[in-house]
């Protein structure tokens with residue numbers, strides 16, 4: 001993924017074992033990526049991404065079970081595009097996220 005999108009400046013995560021492992025932390029440090037972790041037991045620290053995952057599960061994954069990993073990835077990619085470019089969001093007064101962040105959306 002880093003090859004495709006480049007290195008982010010920072011990665012925020014919870015304190016799950018996969019994010020606190022020595023190998024993961026060393027990889028991020030080698031790439032110069034700052035590490036940010038939510039407080040232990042503080043689910044509200046990461047509320048926006050938790051809401052995103054809830055939406056993708058309820059609106060796509062549970063309704064469209066995939067038979068293969070490739071099919072799952074393709075479906076998630078399409079849903080994320082829909083989420084950002086076609087699905088109005090109540091929290092931003094029914095705008096599309098792409099519009100909120102200044103990305104021109106083709107009509």
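Numbering (full-length UniProt numbering), first residue to last: 1 to 107.
No residue lacks a Cβ here, since even glycine has one placed at the ideal position from N, Cα and C.
**Study point:** Cβ neighbours of residue 35 in the same chain (closer than 7 angstroms, five flanking residues each side left out)
**Key:** As a first step, residue 35 must be located in the chain shown, where it is residue number 35. Within the same chain, residue 35 has close Cβ partners 11, 25, 28.
Point to revise | the stretch 89-98 / the stretch 56-75 touching (three or more Cβ pairs under 8 angstroms) | key: Cβ pair count under 8 angstroms is below three, so no.
Review point. Hey, would you say the C-beta of residue 86 is under 6 angstroms away from at least one heavy atom of the ligand PLP?
Key: You won't find the ligand PLP in this model; it holds no ligand whatsoever.
Practice item. Within the same chain, show all residues whose beta-carbon is closer than 6 angstroms to that of residue 14, passing over the 5 residues directly before and after it, in chain order. Key: Position 14 of the chain shown, counting from 1, holds the residue named residue 14. Taken in chain order, the residues that qualify are 38.
**Study point:** Identity of the residues DSSP links to residue 89 by a beta bridge
**Key:** If you number the chain shown from 1, residue 89 lands on position 89. 95, per the DSSP bridge assignment.
Review point. Do you know whose CA, among 52, 40, 6, 17, lies nearest residue 32's CA?
Key: By one-based count along the chain shown, residue 32 stands at place 32. It is 6 whose Cα lies nearest to the Cα of residue 32.
**Study point:** Alpha-carbon to alpha-carbon, residue 4 and residue 48
**Key:** Your numbering for residue 48 matches position 48 in the chain shown. Your numbering for residue 4 matches position 4 in the chain shown. Just so you know, the alpha carbons of residue 48 and residue 4 end up roughly 24 angstroms apart.
Point to revise | Other residues of its chain near residue 40: CB distance less than 6 angstroms, five sequence neighbours each side excluded | key: For the purposes of this step, residue 40 is taken as the residue at position 40 of the chain shown. These residues qualify, in order along the chain: 15.
Review point. Excluding five sequence neighbours on each side, which residues of the same chain lie with their C-beta closer than 8 angstroms to the C-beta of residue 79?
Key: Locating residue 79 in the chain shown gives position 79, where the first residue counts as 1. Once the five neighbours on either side are set aside, the close Cβ partners of residue 79 are 56, 59, 60.
Review point. Any idea what DSSP makes of residue 10, helix, strand or coil?
Key: In the chain shown, counting from the first residue as 1, residue 10 sits at position 10. Note: residue 10 maps to strand in three-state DSSP.
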